[in-house]
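Chemist:
Chains as they are written, first to last, in my numbering: chain Z, 13 to 230; chain B, 84 to 379.
(1) Considering Cα atoms alone, identify which of 82(Z), 74(Z), 178(Z), 90(Z) is closest to residue 220(Z).
(2) Between which two residues does the beta strand (DSSP E) carrying residue 126(Z) extend?
(3) Around the Cβ of residue 160(Z), are there at least 16 other Cβ atoms within 10 angstroms (buried) or fewer (exposed)?
(4) Strictly under 9 Å for the Cβ-Cβ distance: is residue 87(Z) near chain C by that measure?
(5) Give the residues from the segment 345-361 of chain B that approach chain Z closer than 7 Å (Cβ to any Cβ), ordered along the chain.
(6) Step through the CB atoms of chain B and report whether any lies within less than 9 Å of the CB of residue 228(Z).
(7) Residue 232(B): which of 359(B), 193(B), 152(B), 273(B) sits nearest, CA to CA?
(8) Is the Cβ of residue 371(B) closer than 9 Å to any Cβ of chain Z?
(9) Considering only residues of the same chain and omitting the five flanking positions on each side of residue 326(B), which have a CB-CB separation below 6 Å?
(10) How many Å lie between residue 110(Z) and residue 87(Z) at the Cα?
(11) Under 9 Å between the Cβ atoms of residue 52(Z) and residue 211(Z)?
(12) Give me the Cα-Cα distance between residue 176(Z) and residue 206(B), rounded to the nearest whole angstrom.
(13) Any heavy atom of the ligand MN closer than 8 Å to the CB of residue 204(Z)?
(14) Return the residue from the list 177(B), 176(B), 154(B) that minimises the CA-CA distance to residue 52(B).
(15) Quick check on residue 122(Z) - is its C-beta less than 9 Å from some C-beta in chain B?
(16) Given that residue 160(Z) touches chain B, what residues does it touch there, using C-beta distances under 7 Å?
(17) Given 8 Å as the limit, is there contact between the segment 129-137 of chain Z and the segment 312-326 of chain B, that is, 3 or more CB pairs closer than that?
(18) With DSSP run on the structure shown, which of helix, strand or coil describes residue 124(B)?
(19) In terms of alpha-carbon separation, which member of 278(B), 148(B), 340(B) lies closest to residue 293(B)?
(20) What are the start and end residues of the beta strand (DSSP E) that includes residue 161(Z)?
(21) Are there 16 or more other CB atoms within 10 angstroms of the CB of residue 151(Z), so buried, or fewer, so exposed?
(22) Consider the Cβ of residue 213(B): report whether some Cβ of chain Z lies at a distance smaller than 9 Å.
(23) Between the beta-carbon of residue 222(Z) and the beta-carbon of residue 90(Z), is there less than 9 Å?
(24) Could I get the ranges of all uninterrupted alpha helix (DSSP H) runs contained in the segment 162-196 of chain B, with 4 residues as the minimum, in chain order?
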């Protein structure tokens with residue numbers, strides 16, 4: 013009987029510890045600048061001017077969940093995703109969003125060095141228009157933007173930005189970005205990708221705006 | 084009398100012979116600020132050249148990156164974004180680095196290693212297949228392989244030295260498995276330690292920058308800052324690496340020159356000994372510098 017009680021106590025203690033750890037992970041708050049991992053996903057928040065806060069309100073249930081609010085920022089970029097991306101199908105649900113410039117699948121590859129955006133909300137158009145691609149039920153406009161001697165993850169570099177711009181997504185429902193459709197389309201245009209670096213669902217805002225986003229990626 | 088002179092003459096001859104032998108065998112003095120890298124095949128098991136039968140002859144290499152003080156003494160200007168005598172010079176193109184080598188050689192009475200023809204466009208400098216003619220300078224630069232003047236390392240020499248040469252312990256970064264121990268890179272080169280994703284605005288706002296040379300731990304050969312701080316130009320065109328070669332000099336032509344070692348702006352992976360970077364020869368940035376070598 014004593015041993016059963018002991019086992020019960022141990023199990024109860026473990027459950028309490030686990031519960032506290034989960035609560036701590038989800039109660040995490042990032043002010044203005046911060047990065048790390050949360051519930052198995054990488055997150056990053058950067059802001060300058062004004063203020064920005066990142067939390068993970070539903071991450072215990074939806075591990076890729078995050079929320080960012082910002083006020084009067086010169087620039088804010090934040091999101092959650094993977095430290096090493098891939099040509100994967102990325103699911104997301106943006107529960108609410110306001111005051112942003114764009115919400116995108118954003119990442120880098122190396123050899124060749126490429127910075128890419130697949131724009132789901134808002135707009136990000138730079139460089140030369142290269143055509144269009146249909147994926148996941150809608151059409152994206154493709155842009156290629158050459159960056160000469162500009163900062164990059166490798167240091168000063170001459171590299172490409174690839175942008176597939178749609179921006180017509182909606183809040184409150186699940187969406188998919190079949191990234192392989194975009195990457196294959198870019199390849200068909202001679203816009204080659206390299207080895208994957210990080211890949212995130214990122215929200216960006218600039219120009220003194222205030223707003224917020226609550227999103228989940230998987 | 085004659086008999087007594089013979090042993091004396093023999094003794095003098097012996098002394099002269101010994102002196103001559105001593106002069107031949109006396110170790111060449113290592114130039115100031117440089118380290119002798121004893122040659123051989125690559126010991127670093129992570130090297131691009133490991134097991135490829137590539138041999139590097141002995142050579143001298145700068146203990147530190149070329150500093151702004153050294154640059155100003157030779158060139159009379161300072162192109163760097165971050166000013167400071169002990170900081171590495173940056174914002175220098177490959178051509179700037181080549182010119183520095185020759186001018187420093189002349190200043191110190193050495194034979195210039197490079198022949199620089201500014202009037203003839205180098206036919207081996209090809210257009211970038213993706214970006215076109217990024218490099219509008221295209222000086223034709225050839226080498227005097229036996230000259231004793233300053234020069235850039237070849238890519239193979241750089242990797243050999245960065246890996247510790249014959250003393251290599253096969254570290255990922257030059258001198259350590261812990262990048263923070265040996266390199267200034269994007270996470271640790273500003274006001275605060277940064278974490279998570281590389282993000283240029285974050286680096287800019289954190290005042291990420293170069294740092295005085297020689298503050299981090301040296302590698303197995305006593306060389307500093309091969310990983311991080313500033314990226315270092317190498318002589319070679321970026322291209323395929325050789326097998327079974329002695330003192331390889333890189334591809335005969337190309338459209339970008341090699342840099343190695345990453346810099347304060349780079350992700351850790353790009354400061355690794357084995358990572359190969361490239362940039363058009365006229366390219367420059369606040370994280371792009373170099374270190375010098377000389378033949379032994």
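Every residue gets a Cβ at the ideal spot worked out from N, C-alpha and C, and that includes glycine.
Modeler: Reading off the structure:
(1) 82(Z)
(2) 126-134
(3) exposed
(4) The displayed structure is made up of protein chains Z and B, and chain C is not among them.
(5) Within the segment 345-361 of chain B, the residues whose Cβ lies closer than 7 Å to some Cβ of chain Z are 345, 346, 348, 349, 350, 353, 360, listed in chain order.
(6) no
(7) 193(B)
(8) Yes, residue 371(B) lies at the interface with chain Z (some Cβ there is under 9 Å from its Cβ).
(9) 135
(10) 15 Å
(11) Not closer than 9 Å, so no.
(12) 37 Å
(13) With respect to small molecules bound, the structure shown includes none, and the ligand MN cannot be examined in it.
(14) No answer is possible for residue 52(B): the residues shown for chain B start at 84 and end at 379.
(15) Taking Cβ atoms only, chain B reaches closer than 9 Å to residue 122(Z), which makes this a yes.
(16) By Cβ distance, chain B contributes 217.
(17) With a cut-off of 8 Å, the segment 312-326 of chain B and the segment 129-137 of chain Z do not count as touching, because too few Cβ pairs lie within range.
(18) strand
(19) The shortest C-alpha separation from residue 293(B) is found at 148(B).
(20) 150-162
(21) Exposed: under 16 other Cβ atoms inside 10 Å.
(22) yes
(23) no
(24) Runs found: 177-190.
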